[in-house]
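S.K.: Starting off with a structure, shown below.
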Amino acid sequence: MPAQRQRTFLPLMSFGVTAVVVFVLVAWSARRSWLALGEPAIVTGYTLFALMLLLGLFNIRKRLSMVPIVRASVWLAFHVAAGVLAIAMFWLHAGSVWPSGLYEQILTLLFYLVSVTGIIGYVLSRTLPRRLAQIEIEIIFERIPAELAEIREKVESLALACTQETGSDTVAQHHIGTLAWFFARPRFWVSHVAGGDAAGHWLRGPGSAARRYLNDAEKTYFDQIIELGVLKCQVDRHFACQELLKKWLLVHVPLSMAVILVAVWHLILVNVYAL
Amino acid sequence: MITDQDRFRQDKSPYERPNFRYRCGRVSLWGKPCGQGPNDAGGCGGTSECSPYFDDGRWACRRSPQSGGSCENGPLPDGQCCNQHPPCKPTLTLRGYRARLTMLAAVLVVALIGAFAFNGDGARAVSSLSPGALTSGHAQFTGEKGCATCHAPHGGDAAAWVSAAWSPNALTQSCQTCHKFDGSATAAHNETFKKSADQRQTQCVMCHAEHKGANANITEMADQQCNACHAVKFAGFSNGHPDFSKNYPSRRRTAIAFNHVTHFDKYFAYKQFADRKPKERCVSCHDASNALRNVPVRPFEESCAGCHEKQISKRDLVVFTLPEFEEDPFDAVAVGEACGPSAEMLEAAGEDADKLQEILEAWSGGKSAPDAAAKRLQALQLNLGRVEGEPKKAEDGEEYLSVSEETLPLIAVMLLGLEDGEDIDAYGEPVRDLVMAMIEEGAEPLAANVEGQPDAKMLFAGLSSDILRRAGCAWAANQENEPSASDAGGWFADELSLRYRPLRHADPVVKAWVQLAAAGGAGEGLRDELFSRAKGPGACVKCHSVNAPKGQTAPLRIAWKFGAQSSQRHLRYSHAPHLGLLGLGNSCETCHKVDQTAAYDAAFKHFDALDFASNFKSIDQKTCTTCHAEQQVRQNCTLCHQYHNGPGFKRRMTTAAREPQK
Amino acid sequence: MAEADGRTTMDRPQRWATPFGADMTPEDVDALLQRPDIAAIEADKFPKHTPLHGVLSNDTRIMQYRAGDIVVREGDYGNSAFLVLEGSLRVVLAPNLPQSLLGRHASRRKGFFESLTQLWGNSRVPEVRDIANYEGQGLRGGSDSADAHVFLQDVPAVLDKHRTAKLEDGTLFGELAALGRVPRTATVFAEEDSTLLEIRWQGLRELRKYDEGWRRMIDQRYRENALKAHLQESKMFSRLDEDSLQTVVDKVLFETYGAFDWNVAFQRQGGGKEPMIARQGEYPDGVLMIRAGFARVSLRHGNGERTLSYLGAGEQFGLGELYAAWKNPESETPALYTSLSALGYVDVIRVPATVMEEYVFPFMEEPAGTVMDLVSKTVADDALMEWAVDERFINATRSMVIDLERCVRCDDCVRACAASHGGNPRFRRHGKTFGDLMVANACMHCADPVCMIGCPTGAIHRTVESGIVVINDLTCIGCATCANSCPYNNIAMVSINAPDGRPITDPSSGKPIQKATKCDFCDDQPGGPACVRACPHDALRRVNFRELNLVEIP
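Spelled out as structure tokens, the structure:
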């Protein structure tokens, strides 16, 4: 529904324009300071620090949705714009891409890591949901283990039933030897995240390898098992993409805590030693 | 299963609670979670599925509908739930791990900072807190105190840090441990400008930022930064730089009065100087190979002596001239005692002509002509009444005829402390005393009169008592002195005066007398005499200018050296690269164009060095911007201007041992 | 206020544990039974567990109104009918009273800082309740603040400016809103001091169910009163004079299609039957006006029926065809362009063609456009609407639609919902999907809220101000009727717990106490639904399917 998609377009554009304006103002102010034999790193540094604090506030904002403050989507637009501005401001402040001085290098490294993980996370947030929407099923992440357990049980009971009904244990043996590994837990994580179909490919290959040895009766059971395998592929894809959508934050958030603390110490040092 | 049609029914799908930190441990093993879920403290909540209820004689299952409602089998006879499970180990959700990782990151950062960021002992040459290497010049001396060499709060306690954080830094003071300037370190250009009373205090770190690497150039400045303080702001040398001063590059008259125009146009054209005149124009005298700020002139001997050496010896310094007397001030007896042989000697000699001759010779040093000596002797004897005849001295009515009709020279007036040299009554006795003193004590009395003056020793250096005695005795006898051979120069006495002839250029005695006048040791008349360009002794002042410091009348300063007057502390100019470009030949006139109409000599009639006219037209800014312009040769401020006033170090390697400056 | 004391047992709540009027004495009930309209009720037709006496005692109350007091306001959602015992009242016909006179006030919302305390004040134990709150409910003064009435300052002026009708002794009014799950159609105020018997709809339902006289009366009145007002609202009849309108009212036919509790069939068969009301190509036998419920307008397409639009209350069918035929007498016999079928339950009013031609068309504006304008869209364009109609999502005034291409499955919406409700979320982030959209299992606050059928205590009700359907936790007895009725599975039953985590059980049976829970659109939170605010990617919206512009109604 197109109208919906533009709901944060305007805030994002206005934040972007504001960010550019802020950058120009700060850069101009820094240059004026330099021309007046002042220290331009003061204005760029404090601006950068304020930006980092504002960026860090996003985490707290997310817990405050029950209070009528600004929508989280507007806040995210601000976060993105402020993040890009912070990167530009960082380079303006440091004067170079990589500083000398061990402490500054650690700070820079942390900052780059936070920025890069943030950008990667943003890209993931825009691309992975599309892939998720294209999967035929929709499942809540926390329910995946239960779902997999059910699938596993079903497959096992089918294998047992097949053995009982047909008297031949080919299917069961194949399950023990090959399929059990597949149904034990989510597999082919990388392929699912990258959008490939290694899981389906495996299912059609080694997964279905035993089919040539089966009679029609067994094939009925086996096809049901493979169908469940296909279902599991879909569940696995949900697992992989949803897990990545959650796990990237496990890198981004702790690093941002670290970078803010390291920056606070940097602020103290600069004020004690240089200013 | 996810494919069931009724999977959304509320009894098949209870609420998910993503705000809880723990999830059932079976989920982490890829099994089905129990219905109850972990409790808040992280313990398993699903060991038993229900709490059985004793009703009507038997135990009944009371499992909640969300977990499936009552189970089929019901509780065990002893009242325990039939569906017991071993407790799981609840695991944190991903969000819970995120919270823990964040806490861990915070703790880790604080711990690492606490462990490594306080190296207050300073023993390390490089602290882990250093934002960059020091320039190699500064990096070597931080050994003992380390960072605290410049940063006072380093290694201090929390209170020191708090006060340091809130107060401005004291780095300028640290810099002054070693660096010094000719002015205040916190004044712009290290100068005190009269105009701006509210001059902004400067700190070293305003322009010089350290910790930018061992090879960083910390003295580099951009043109725009100069505009920070300068009220007249402009974009570049060729774009708005104020015009050069009126007589640029001359700010005062030359030290040596050398009129380029007259020399080149007139004097060098004279036939008598044809063999001595310079072969080339500028570089015959100016040594271009040593071109720096100035292109130095070759020494006098090489460049000027050819024409001017002889002049110097022609101008004598007259120290004393026997003045006219109205009556004989001398006491003959005293004179005879001082000058002549003693009465005993004469008694002893009697009228023995040989003995007399001996005595005469001994007395006159064997130098005077016999008849002159005889005359003298006769005069003496007459005076002593030994010989019959008419004494020169008139007894009745005959007037005393002074041998000299001169007046006292001004130097003598000064030496005797008189007011002028014409008041016979005033000077009679002092002159007599002086002459007698000259006879008896030689140069000492003269020297005594100038004791206390600068270079007093030089003033009468080389004056021998002998000359003084002979001259004095002659004058005391109202006779003309017999001059000694005087071509060699130096002190000599001629008929009636005591003189000094300069030996050569830079004669120290004449120089000392001229210096004396400059220093104010002479009265105005004497000073003018000594400073006369046309007649002054040694012709010193003919070429060497006498300058009064601004606003003062004394002491004056004589410019003995070429080019010693430049006081441009903040201007940097070197001829060498320019001449190198233009050629070491006579390319000077590219910039220094001769001004034929300038009244050059008029400037040397007074002592004000700033009231002058230069032989050369002022150099226009356009001459420079021909090359120093945008996109051409560099034209940054620091190319020509030096910011600091006399930058130096407090401690330096010197050839003479002396106490380092505090 | 009693502190939580760690008790984990309480008596199971009963239906009449909280009577409607605390002051109803047996004398009052006897006095009522003397009245002719109530005495006519056959008491023996009532079952043992809900005797007439009990109904009168527990489901009615006697209310006093002073002259000028407003009894019901137009637009309010109400759950009770009123029987005038004595006095005189007026019902405002037209124009409607301005809102300021009606004295609407908002329900209690938390303040900003009170809302902020939820950040740390929520419990980590699921579904914690303080049992002490449930006690003493019987002493409540009434479910809504019946003691305070808003009254009109200047009754004569109102009478002067507005057309009103008089309601006197013995009149029954308000039953339409109570039974029909629709807002009050008119404002009623007391002209003189009056006494009314307020019957909540649970009681009314029993009366209508078990007594034939009341059933006929209620139905007849339903038609008479509601119909005229409804017709008057329609654009078609706005220019008619009184007599013509009355003629129309008398000649109109009433038709009902489908089942009142259509949700049961819907849940069982996932769609249920769709009785055909009018067929494409047939002669239009009159203009059909939808009174309540939903109907599908469809066109034969290939071997199936293609939905063009869906009609709700107030919309009509067949007008275009009849008008065109009347306007142009030379044309062929008119035939319906499309078919009309009932989605679950539809109340239809048929205005015969002759009546339209004689009394209505001459004075009516020409209708703009027809439903056939919608045919130009492709089937792919309409697929979403087809699905929404099939799933009966068209009922929704506030459904939760999640754009799956934007949702990163972060659960921030669920967490925000939980934070607003004491740590307990009120929806599940799953639901039927179509393409990129999912309609999540969050209460949709339906236009036709079938969940409200059957609630024994009235715990589930529509709020007066906003029309949000809310469950009053204090009076819910956990019978799960609403949860089972909801055709969309949006109401969930939960077992409640003590703060220490132990479940609260009924001491007499050991069974855990259950409560019904569902999305309440953050009625008591400042700023509206927290889920919408919480989504960082704008993936979540609360959608009114009527206004979704899926369909343009001519």
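Residue numbers (our numbering), protein chains in the order written: chain A, 51 to 325; chain B, 349 to 1010; chain C, 9 to 562.
Where a beta carbon is used, it is the ideal one built from N, C-alpha and C, also for glycine.
Computed from a predicted model, the values in this text were never measured in an experiment.
Please decide whether glutamate 364/B counts as near chain C, where near means a Cβ-Cβ distance under 8 Å.
M.R.: As a working mapping, residue 364/B is identified with position 16 in the second sequence. Glutamate 364/B counts as touching chain C.
S.K.: Between alanine 500/C and chain B, is any beta-carbon pair separated by less than 8 Å?
M.R.: The residue given as residue 500/C occupies position 492 in the third sequence. Cβ-Cβ to chain B under 8 Å: yes for alanine 500/C.
S.K.: Within the same chain, show all residues whose beta-carbon is closer than 6 Å to that of histidine 224/A, passing over the 5 residues directly before and after it, in chain order.
M.R.: What you label residue 224/A is simply residue 174 of the first sequence in a count that begins at 1. Excluding residues within five positions, the ones whose Cβ falls inside 6 Å are Ala260.
S.K.: First and last residue of the alpha helix (DSSP H) that includes aspartate 266/A?
M.R.: Within the first sequence, numbered from 1, the residue matching residue 266/A stands at position 216. Segment 266-319, the alpha helix (DSSP H) holding aspartate 266/A.
S.K.: Buried or exposed, going by whether 16 or more other CB atoms sit within 10 Å of the CB of phenylalanine 435/C?
M.R.: The residue labelled residue 435/C in the question sits at position 427 within the third sequence. Flag for phenylalanine 435/C reads buried.
S.K.: Residues of the stretch 283-305 of chain A with a CB closer than 7 Å to any CB of chain C: list them in chain order, please.
M.R.: Gln292, Leu295
S.K.: Would you decide whether glutamate 872/B is buried or exposed? Buried here means 16 or more other CB atoms lie within 10 Å of its CB.
M.R.: On the second sequence, residue 872/B is found 524 positions in, with the first residue counted as 1. Under this definition glutamate 872/B is an exposed residue.
S.K.: Indicate whether leucine 97/C and serine 242/C have their beta-carbon atoms separated by less than 8 Å.
M.R.: Mapped onto the third sequence, residue 97/C falls at position 89. Mapped onto the third sequence, residue 242/C falls at position 234. For leucine 97/C and serine 242/C, no; Cβs fall outside 8 Å.
S.K.: Give the secondary structure of phenylalanine 274/C by DSSP, where H, G and I count as helix, E and B as strand, and everything else as coil.
M.R.: Position 266 of the third sequence, counted from the start, is the residue given in the question as residue 274/C. Here phenylalanine 274/C sits in helix by DSSP.
S.K.: DSSP three-state call for glutamate 374/C: helix, strand or coil?
M.R.: Residue mapping note: residue 374/C aligns to position 366 of the third sequence, counting from 1. Three-state result, glutamate 374/C: coil.
S.K.: Of all the residues that make up the stretch 475-491 of chain B, which are near chain A by a beta-carbon distance shorter than 8 Å?
M.R.: Ser476, Leu477, Ser478, Pro479, Gly480, Ala481
S.K.: Output needed for leucine 41/C: all residues of its chain with C-beta closer than 7 Å, excluding positions within five of it in sequence on either side, in chain order.
M.R.: If you number the third sequence from 1, residue 41/C lands on position 33. Contacts found: Ala47.
S.K.: Am I right that threonine 58/A and serine 123/A are in contact with their C-beta atoms under 8 Å? What's the rounded C-beta distance?
M.R.: In the first sequence, counting from the first residue as 1, residue 58/A sits at position 8. In the first sequence, counting from the first residue as 1, residue 123/A sits at position 73. Sure, about 5 Å apart at Cβ, within 8 Å.
S.K.: According to DSSP, is methionine 501/C part of a helix, a strand, or is it coil?
M.R.: Taking the first residue of the third sequence as position 1, residue 501/C is located at position 493. Correct three-state label for methionine 501/C: strand.
S.K.: So which residues on chain A does proline 534/C lean against when the C-beta distance must stay under 8 Å?
M.R.: For the purposes of this step, residue 534/C is taken as residue 526 along the third sequence, with counting starting at 1. Per Cβ cutoff of 8 Å: Val117, Pro118.
S.K.: So tyrosine 323/A and histidine 499/B are in contact, right, with Cβ under 8 Å, and what is the actual spacing, rounded?
M.R.: Locating residue 323/A in the first sequence gives position 273, where the first residue counts as 1. Locating residue 499/B in the second sequence gives position 151, where the first residue counts as 1. Sure, about 5 Å apart at Cβ, within 8 Å.
S.K.: Identify which residue in Ala524/C, His61/C, Pro507/C has its Cα closest to the Cα of proline 134/C.
M.R.: The residue you call residue 134/C lines up with position 126 of the third sequence. The shortest C-alpha separation from proline 134/C is found at Pro507/C.
S.K.: State the Cα-Cα distance for the pair histidine 2/C and proline 34/C, rounded to the nearest angstrom.
M.R.: As displayed, chain C neither begins before 9 nor continues past 562, which places residue 2/C out of reach and without an answer.
S.K.: If you follow the beta strand (DSSP E) that alanine 89/C is part of, which residue opens it and which one closes it?
M.R.: Indexing the third sequence from 1 puts residue 89/C at position 81. First-last of the beta strand (DSSP E) with alanine 89/C: 88-94.
S.K.: Helix, strand or coil for proline 647/B? Go by DSSP, reduced to three states.
M.R.: Counted from its first residue, the second sequence places residue 647/B at position 299. Coil.
S.K.: Using the Cβ count rule (16 or more neighbours within 10 Å means buried), how would you classify serine 339/C?
M.R.: In the third sequence, the residue the question calls residue 339/C occupies position 331. Serine 339/C is exposed by the Cβ-count criterion.
S.K.: Should serine 200/A be flagged as near chain B, meaning a C-beta pair shorter than 8 Å?
M.R.: Sequence index remark: in the first sequence, residue 200/A carries index 150 (1-based). The question names serine, yet the displayed sequence has glutamate at residue 200/A. Judged by the 8 Å Cβ criterion, glutamate 200/A is in contact with chain B.
S.K.: Decide if glutamate 558/B is buried, meaning its Cβ has at least 16 other Cβ atoms within 10 Å, or exposed.
M.R.: Residue numbering aside, residue 558/B sits at position 210 when the second sequence is read from its first letter. When all chains shown are included, glutamate 558/B counts as buried.
S.K.: Taking contact to mean at least 3 C-beta pairs separated by less than 8 Å, is the stretch 208-218 of chain C in contact with the stretch 327-347 of chain C?
M.R.: no
S.K.: For leucine 317/A, which option in Glu215/A, Thr97/A, Asn265/A has the closest C-alpha, if you only look at C-alpha atoms?
M.R.: Along the first sequence, read from residue 1 onward, the residue named residue 317/A stands at position 267. That would be Thr97/A, whose Cα lies nearest to the Cα of leucine 317/A.
S.K.: For proline 457/C, count neighbouring Cβ atoms within 10 angstroms of its own Cβ and tell me buried if that reaches 16, exposed if not.
M.R.: On the third sequence, position 449 is the one that residue 457/C refers to. So proline 457/C counts as buried.
S.K.: Can a CB atom of chain A be found closer than 8 Å to the CB of glycine 470/B?
M.R.: For the purposes of this step, residue 470/B is taken as residue 122 along the second sequence, with counting starting at 1. Its pLDDT being 49, under 50, glycine 470/B is placed unreliably by the model, and nothing is read from it.
S.K.: Taking all protein chains shown into account, do 16 or more other C-beta atoms lie within 10 angstroms of the C-beta of glutamine 620/B, making it buried, or fewer, making it exposed?
M.R.: As a first step, residue 620/B is located in the second sequence; it is residue number 272 there, counting from the start. Classification of glutamine 620/B: exposed, given that the 10 Å Cβ count is below 16.
S.K.: For the beta strand (DSSP E) holding threonine 5/C, just list the boundary residues, first then last.
M.R.: It is not possible to answer for residue 5/C, since the shown part of chain C is limited to 9 through 562.
S.K.: Ordered along the chain, which non-local residues of its own chain (more than five positions away) have a Cβ less than 6 Å from that of lysine 437/B?
M.R.: Here residue 437/B is taken as the residue at index 89 of the second sequence, counted from 1. Contacts found: Gly373.
S.K.: Using 8 Å as the threshold, is the C-beta distance between methionine 446/C and isoleucine 410/C below it?
M.R.: As a first step, residue 446/C is located in the third sequence; it is residue number 438 there, counting from the start. As a first step, residue 410/C is located in the third sequence; it is residue number 402 there, counting from the start. It is a contact, given that the beta carbons lie within the stated cut-off.
S.K.: Do we get a CB-CB distance below 8 Å when we pair isoleucine 350/B with the residues of chain A?
M.R.: Taking the second sequence and counting its residues from 1, the one referred to as residue 350/B is at position 2. For isoleucine 350/B, the answer is yes, since a Cβ of chain A falls inside 8 Å of its Cβ.
S.K.: If we count the other Cβ atoms within 10 Å of its Cβ and call it buried at 16 or more, is aspartate 355/C buried or exposed?
M.R.: As a first step, residue 355/C must be located in the third sequence, where it is residue number 347. Classification of aspartate 355/C: buried, given that the 10 Å Cβ count is 16 or more.
S.K.: For lysine 998/B, which of helix, strand or coil comes out of DSSP?
M.R.: On the second sequence, residue 998/B is found 650 positions in, with the first residue counted as 1. Note: lysine 998/B maps to coil in three-state DSSP.
S.K.: By the 10 Å Cβ neighbour count, where 16 or more other Cβ atoms means buried, how is phenylalanine 128/A classified, buried or exposed?
M.R.: Along the first sequence, one-based indexing puts residue 128/A at 78. By the 10 Å Cβ count, phenylalanine 128/A comes out buried.
S.K.: Looking at alanine 804/B and alanine 795/B, is the spacing between their C-beta atoms short of 8 Å?
M.R.: If you number the second sequence from 1, residue 795/B lands on position 447. If you number the second sequence from 1, residue 804/B lands on position 456. Yes, they are a contact pair.
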